[in-house]
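Undergrad:
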Amino acid sequence: MKQDPNPATETDALRQQAEARLREQRVAASRRQSHADNYRLLHELEVHQIELELQNQALLELREQLEQSLEQYTDLYDFAPVGYFTLAGDGTIQEVNLAGAALLGLERARLINRRLGVFIAAETRPTFNAFLERVLVGTAREHCDITLAHDDGALCHLHLEGVAVLSGADRWCHLAAVDITERKRAEAALRDREQSSRRLADELRAERDRFAKIVATVPGGIFSFRLRPDGSDCCPYASPTFKDLYGLPPEDLAESAAPLWAIIHPDDLDQVRASVVASSRTLTPWRDEFRLRRPARREIWVEGHSMPVREPDGSILWHGFLQDITERKRAEEALQESAAIYRAIGESIDYGVWICAPDGRNIYASDSFLKLVGLTQEQCSNFGWGDVLHPDDAERTIAAWKECARTGGVWDIEHRFRGMDGQYHAILARGVPVKNARGEIVCWAGINLDISRLKQTEDALRCSLEEKETLLREVHHRVKNNLAAIIGLLELQREGMTEGPLACQLAELGNRIRSMALVHEMLYQSNNLNRIDFHDYLQTLVAHLRHAFDPEGAIRIEVAAPGVFMDLDTAIPCGLIVNELVINALKYAFPGHRPGLGGSACEISVTAAWDGAAYTLTVADNGVGLPAGLDWATTRTLGLRLVRMLGQHQLGGQLELHGAHGTCFSLQFGSKIR
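Be aware that the sequence shown starts at 12, since it is given in our numbering, and climbs by one per residue.
(1) Per DSSP, which one or two residues make a beta bridge with Lys340?
(2) I think Asn124 touches Thr103, with their Cβ atoms under 8 Å apart; what is that distance to the nearest whole Å?
(3) Among residues of its own chain, excluding the 5 on either side of Phe139, which ones have a beta-carbon nearer than 8 Å to its beta-carbon?
(4) Grab the span of the alpha helix (DSSP H) containing Val287 for me, first residue to last.
(5) Between which two residues does the beta strand (DSSP E) carrying Cys184 extend?
(6) Using DSSP with H/G/I as helix, E/B as strand and the rest coil, what is Gln434?
(7) Ser250 bridges to which residues according to DSSP?
(8) Can you say whether Ala554 is buried or exposed, counting buried as having 16 or more other CB atoms within 10 angstroms of its CB?
(9) Can you tell me whether Ser392 is helix, strand or coil according to DSSP?
(10) Among Ala619, Ala612 and Gly574, which one has its Cα closest to the Cα of Gly634?
(11) Taking the alpha-carbon positions, what's the Arg685 to Gln550 distance?
(12) Are at least three pairs of beta-carbons, each pair with one atom in the segment 566 to 585 and one in the segment 617 to 625, less than 8 Å apart?
(13) Report the CB separation of Leu666 from Gln659 in whole angstroms; it is logged as a contact under 8 Å.
(14) Helix, strand or coil, according to DSSP, for Asn459 in the structure here?
(15) Considering only DSSP beta bridges, list what Tyr626 is partnered with.
(16) What is the rounded straight-line gap between the Cα of Ala151 and the Cα of Glu55?
(17) For Asp190 and Gly94, what's the separation of their Cα atoms in angstroms?
(18) Work out the CA separation of Gly419 and Ala440 for me, nearest whole Å.
(19) State the Cα-Cα distance for the pair Asp255 and Gly325, rounded to the nearest angstrom.
(20) Near Gln27, what residues of its chain come up, given a Cβ to Cβ distance below 6 Å and the 5 sequence neighbours on each side ignored?
(21) For a quick check, are the C-beta atoms of Val575 and Trp621 less than 7 Å apart?
(22) Counting pairs of Cβ atoms below 8 Å between the segment 381 to 389 and the segment 429 to 437, do you hit three or more?
(23) Quick one: what does DSSP say Leu637 is sitting in, helix, strand or coil?
(24) From this set, Gly636, Ala596, Glu344 and Gly623, which residue's C-alpha is nearest Gly650's C-alpha?
(25) Return the bridge partner residues of Ala69 from the DSSP annotation.
(26) Please report the straight-line C-alpha distance between Ile225 and Glu198, rounded to a whole angstrom.
(27) Count Cβ pairs between the segment 278 to 293 and the segment 253 to 267 that sit closer than 8 Å; are there 3 or more?
(28) For the alpha helix (DSSP H) that contains Asn447, what are its first and last residues?
(29) From Phe222 to Arg210, what does the alpha carbon distance come to, in whole angstroms?
(30) Return the residue from the list Pro92, Glu118 and Ser317 that minimises the CA-CA distance to Pro296.
(31) Could you name the residues that DSSP lists as bridge partners for Ile319?
(32) Taking buried to mean at least 16 other C-beta atoms within 10 Å of its own C-beta, is His426 buried or exposed?
(33) Please classify Ala268 as buried or exposed, where buried requires at least 16 other C-beta atoms within 10 Å of its C-beta.
(34) Any chance you could list the alpha helix (DSSP H) runs of at least 4 consecutive residues sitting entirely within the segment 135 to 177, in chain order?
(35) When you compare only the Cα positions, how much space is there between Tyr435 and Pro444?
(36) Rounded C-beta distance between Ala265 and Cys245? I'm assuming under 8 Å.
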């Protein structure tokens, strides 16, 4: 048997035929199946089409509803009374309703992408910025109050509430703005009213306290008294002092004034009732004085003042006060008694006693005065006493008396009256105003004292004093001359000597005597023998010393003692002290006419001052100072010993030395005369 040379090829061909037939079978079967499927698919598509049409109809209806709802919400958004804003993260406006645009005062289209912060007043802009930052970073609802500033200067207060919303990846702010301007105004008005109410309440309390203080300080009781048409009466108000002063609690008088009438003295009761009735009929001010009898206390006098007004129901209401005048009554009685006693005394003494009314008119003059000037009481009362005044005294005396009566001052004057003998008598007139408890002048009382003999004695004493002053001047003059003679003898003695210790001592002694003589010379020339102008004295003394020891003027000496005065016993030792210290400075402080260390010119200063309690006398220089090792407090040098003796012992002062730059002696002591 012959084998196929390629068996695999045959197998592949059979397989391919089988697969082709299978495909044909599948296509025929598929065609039969596709017809049935297409029918079913068509049916399903028709059903789905109907479903889609129904869904589309529903969607159209829903869309219409949504559009209507959106339109409604848009209207609500646009026409809402509250401003709505949508702000980006940088604060720019993305959306705004009509109310919001109206709040900002611009059209809506012009606000988009503009920052809301630019419309906010500067003072509240930080508040808004902080508010926006809190909204954008948080999740809670935030709120704040701000103020808008319009171009016309008007301010609009807004309350803002905002929440954050997501816009893509960004966070935006939905903002509601409510105009609270009227509320702010109402709050401000309410605060003003509250402040006004508090201020009014404070003023009322202050007025009440002030009234209470006034009532407490009034010397008596304040009251209101009502007289009703039926004749009954009461005190609707009585100050608390009524209880203390009159023993009447105010509440006991509110319905009836019977308790007040009950304590009026029986002898004064009819008088008081009559004065009240008279005041009610004429509506004229009521004033009366009467006595009150207080339980378990002494009887007192009171003075009442009040002003009546008629009330609508016909009642008469008085507002006034009662004042205790017991002391004044006693003073008046005492004054009457004193006047009687004074009148009796005036009639029994030789010099004139007088009493004048407050206007200055004389109402009483003692017989001794009337007899002295030859006038009657009637003439004195009509200012007739001016007719007997000396012509040179009349005008000033009468003018001074009228001025004294006007001002209420003390009367104290000297003038001359013509007496019955035709001679003018020197009179010392003195008087004082007599005042009542209220400080009112009741009268003037005084005396006219004949001081003619006193004037004669004064003239004699004046002549004697002038003679003694002349004698004292002569004494000072002679002492000065005697001291000058001694100085002359000393200078004659020096002329016969050569320069040496004795001649120097004689010169120093002469200078000391000259300083004393200068005091006597100035007192002799002074109008006041009790004191000397120490400044002038120092200038004269220093001028002499400069002439004697520094004739070329190489050393400058300054003197300063303005307004300092001394008596004789003080000026002489002070002059000797200045004499010694200035001579020492002129002789030893400036060797070769050169100043001490740091000085530019040779200077000496002499000063004296008075501080109201003590003198301070100072002599200073800017020279080389005292020799090293010299103890000025113990040295036996005559000049310094004399300075210590005069300053510490005779004047009782405290002497100090300061030598930092040159030499400075300072003496402080007390005295009765400046």
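Ideal placement from N, C-alpha and C gives every residue a C-beta, glycine not left out.
Keep in mind that this is a model prediction, so the values were computed, not measured.
TA: This is what the structure holds:
(1) Its beta-bridge partners do not exist; DSSP assigns none.
(2) At roughly 5 Å, the Cβ-Cβ gap stays under 8 Å, so Asn124 and Thr103 are in contact.
(3) In the same chain as Phe139, and ignoring 5 residues on each side of it, the C-beta atoms closer than 8 Å to its own belong to Leu127, Gly128, Ile131, Cys155, Ile157 and Leu171, in chain order.
(4) Boundaries of the alpha helix (DSSP H) harbouring Val287: Pro277 to Thr293, taken from the DSSP string.
(5) Cys184 -> beta strand (DSSP E) spans Asp181 to Asp190.
(6) Coil.
(7) Ser250 is not bridged to any residue.
(8) Counting C-beta atoms within 10 angstroms of its own C-beta, Ala554 has fewer than 16 neighbours from the protein chains shown and is therefore classed as exposed.
(9) Ser392: helix per DSSP, three-state reduction.
(10) Closest by alpha carbon: Ala612.
(11) Note that Arg685 scores a pLDDT of 40, beneath 50, so its modelled location is shaky and nothing firm can be said.
(12) Put simply, the segment 566 to 585 touches the segment 617 to 625. At least three CB pairs are less than 8 Å apart.
(13) In this structure Leu666 touches Gln659 by the C-beta definition: roughly 6 Å separates them, less than 8 Å.
(14) In the three-state DSSP reduction, Asn459 falls in the strand class (E or B).
(15) The partner list for Tyr626 (beta bridge, DSSP) reads Trp621 and Phe680.
(16) Spanning the alpha carbons of Ala151 and Glu55 requires a straight line of approximately 53 Å.
(17) The alpha-carbon atoms of Asp190 and Gly94 are separated by roughly 8 Å.
(18) Whole-angstrom Cα-Cα distance: 16 Å.
(19) Rounded to the nearest angstrom, the two C-alpha atoms are 33 Å apart.
(20) Excluding sequence neighbours, Gln27 sits near nothing in its chain.
(21) Yes, these two residues count as a Cβ contact at 7 Å.
(22) Contact annotation: the segment 381 to 389 touches the segment 429 to 437, with at least three C-beta pairs closer than 8 Å.
(23) Here DSSP, grouped into helix, strand and coil, assigns Leu637 to coil.
(24) For Gly650, the closest of Gly636, Ala596, Glu344 and Gly623 by C-alpha to C-alpha distance is Ala596.
(25) Ala69 pairs with nothing; no bridge assigned.
(26) If you take the alpha carbons of Ile225 and Glu198, they lie about 39 Å apart.
(27) No, the segment 278 to 293 does not touch the segment 253 to 267.
(28) Asn447 -> no alpha helix (DSSP H), and no H or E assigned at all.
(29) Those two C-alpha atoms are separated by around 17 Å.
(30) Closest option to Pro296, Cα to Cα, is Ser317.
(31) It is Pro, not Ile, that sits at residue 319 in the sequence shown. For Pro319, which the question treats as bridged, DSSP gives the partners Trp329.
(32) Looking at its Cβ environment, which holds 16 or more other Cβ atoms inside 10 Å, His426 is buried.
(33) Buried, by the Cβ-count rule.
(34) Correct list: 136 to 148.
(35) Pairing Tyr435 with Pro444, the inter-Cα distance amounts to about 28 Å.
(36) Distance from Ala265 to Cys245 at the Cβ level is roughly 6 Å; contact confirmed, criterion being Cβ atoms closer than 8 Å.
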